[in-house]
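Presented below is the structure to which this report refers.
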Ligand code: HEM
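Numbering (our numbering), first residue to last: 701 to 788.
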């Protein structure tokens, strides 16, 4: 990664909750999951449960071992603003 890392607020994240415009946050990192919809082995419907919100718990619940950085590398948008990460 080069240059500045974009910071995304919880409010901004929440706006992207449609299949064709879906973002989620996993472990503090925000990804555009729309391009992955048709490829998710668990289906688009499951993936959409994390759209517009923090999907870390759901992600960990089903497949903590999945390497999200290698799969969604090109879908990385930025980091969730620290003060909006739940529980921190
Ligand atoms: C399966 C990736 C999010 C639910 C899988 C598998 C991958 C994957 C690689 C196959 C795992 C295997 O073969 O053992 C991802 C990525 C996500 C994501 C990159 C990034 C956001 C989610 C979310 C949920 C979910 C948020 C639930 C709300 C599932 C389920 C399966 C699955 C239920 C099992 C499908 C089956 O074996 O029948 N996912 N996933 N995933 N995922 Fe996800």
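All C-beta atoms, glycine included, are put in the ideal place defined by N, C-alpha and C. Quick caveat, the model's predicted, so the values are computed rather than measured.
CA-to-CA distance, residue j to residue i, given in whole angstroms
i, j, result
"residue 734", "residue 758", "17 Å"
"residue 728", "residue 779", "6 Å"
"residue 768", "residue 711", "23 Å"
"residue 770", "residue 776", "10 Å"
Cβ separation of residue i and residue j, assumed to be a contact under 8 Å, to the nearest whole Å
i, j, result
"residue 703", "residue 726", "Actually they are not in contact, since the Cβ atoms of residue 703 and residue 726 sit about 22 Å apart, beyond 8 Å."
"residue 753", "residue 718", "Residue 753 to residue 718, Cβ: 13 Å. No contact."
"residue 705", "residue 730", "Incorrect: roughly 10 Å between the Cβ atoms, too far for contact."
Residue i (DSSP reduced to helix, strand or coil)
i, result
"residue 708", "strand"
"residue 771", "helix"
"residue 788", "Because residue 788 carries a pLDDT of 49, less than 50, the predicted location of this residue cannot be relied on, and no value is offered for it."
Unbroken alpha helix (DSSP H) run spanning residue i, endpoints
i, result
"residue 760", "756-763"
Limits of the unbroken beta strand (DSSP E) element including residue i
i, result
"residue 780", "776-780"
Self-check item: Unbroken stretches of the beta strand (DSSP E), 3 residues or longer, contained in the stretch 725-760
Solution: With a minimum length of 3 residues, the continuous beta strand (DSSP E) runs that stay inside the stretch 725-760 are 729-732.
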